[in-house]
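**Q** The sequence shown begins at 28 in our numbering and counts up by one. The beta carbon of each residue, even a glycine, is placed where N, CA and C say it ideally should be. These numbers come from a predicted model, not from an experiment.
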Amino acid sequence: MTLRGIVGVGAGVILAAGIAGYFYFPNPLWTTGRMIRSLESENEMHRLMAVGLLKDRAPGSEKAIAALVLALGDKWDEVRGSASTTLCEIGEPAIPYLRPALQDNNQLARETASQTMICMQRFEKK
Numbered sequence: 028m029t030l031r032g033i034v035g036v037g038a039g040v041i042l043a044a045g046i047a048g049y050f051y052f053p054n055p056l057w058t059t060g061r062m063i064r065s066l067e068s069e070n071e072m073h074r075l076m077a078v079g080l081l082k083d084r085a086p087g088s089e090k091a092i093a094a095l096v097l098a099l100g101d102k103w104d105e106v107r108g109s110a111s112t113t114l115c116e117i118g119e120p121a122i123p124y125l126r127p128a129l130q131d132n133n134q135l136a137r138e139t140a141s142q143t144m145i146c147m148q149r150f151e152k153k
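(1) Closest to glutamate 71 by C-alpha separation, out of Met147, Ala136, Pro53, would be which residue?
(2) Less than 8 Å between C-beta atoms, sequence neighbours within five positions excluded: which residues of the same chain meet that for proline 55?
(3) Pull up the distance between the alpha-carbon of serine 141 and that of leucine 129, whole angstroms please.
(4) Taking the alpha carbon of alanine 91 as the point to measure from, which residue in Leu135, Met62, His73 has its own alpha carbon closest?
(5) In whole angstroms, what is the alpha-carbon distance linking threonine 112 and alanine 94?
(6) Residues in its own chain within less than 6 Å of leucine 97 by CB, not counting five upstream and five downstream?
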């Protein structure tokens, strides 16, 4: 096999892997709805990636903000922390969504929502 043949095969493998990744891993090309649905994935990394990607869409999307509030109850602390940080950065527009989370049945959601509100208060004062 020539170098050109090897490079061609390598590029094909990379392209195929990239296409497979598009369908499997949350990425910026996905719709907001698809990212939100991936928050229900069994895979922690998929949920964390989705929260990170929703960060860019959340300020202008009520659906993304509501999904991030739901992620405050995630069983994995990295997902909860990332969602909390994003909501803290969004600030005031997230407050109406956070208030009900303070009464959530999920203790993790209540605690993380409370911490997020405290973060917002501290962030506002600066």
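**A** Answer, in terms of the structure:
(1) As a position in the sequence shown, residue 71 is number 44, starting the count at 1. It is Pro53 whose Cα lies nearest to the Cα of glutamate 71.
(2) On the sequence shown, position 28 is the one that residue 55 refers to. Excluding sequence neighbours, proline 55 sits near Leu80, Asp83.
(3) As a first step, residue 141 must be located in the sequence shown, where it is residue number 114. As a first step, residue 129 must be located in the sequence shown, where it is residue number 102. One C-alpha to the other measures close to 6 Å.
(4) By one-based count along the sequence shown, residue 91 stands at place 64. For the residues Leu135, Met62, His73, the minimum Cα distance to alanine 91 belongs to Met62.
(5) Taking the first residue of the sequence shown as 1, we reach residue 112 at position 85. Taking the first residue of the sequence shown as 1, we reach residue 94 at position 67. Near 14 Å, if we compare the C-alpha coordinates of alanine 94 and threonine 112.
(6) The count along the sequence shown starts at 1 and reaches residue 97 at position 70. Taken in chain order, the list of residues that qualify is empty.
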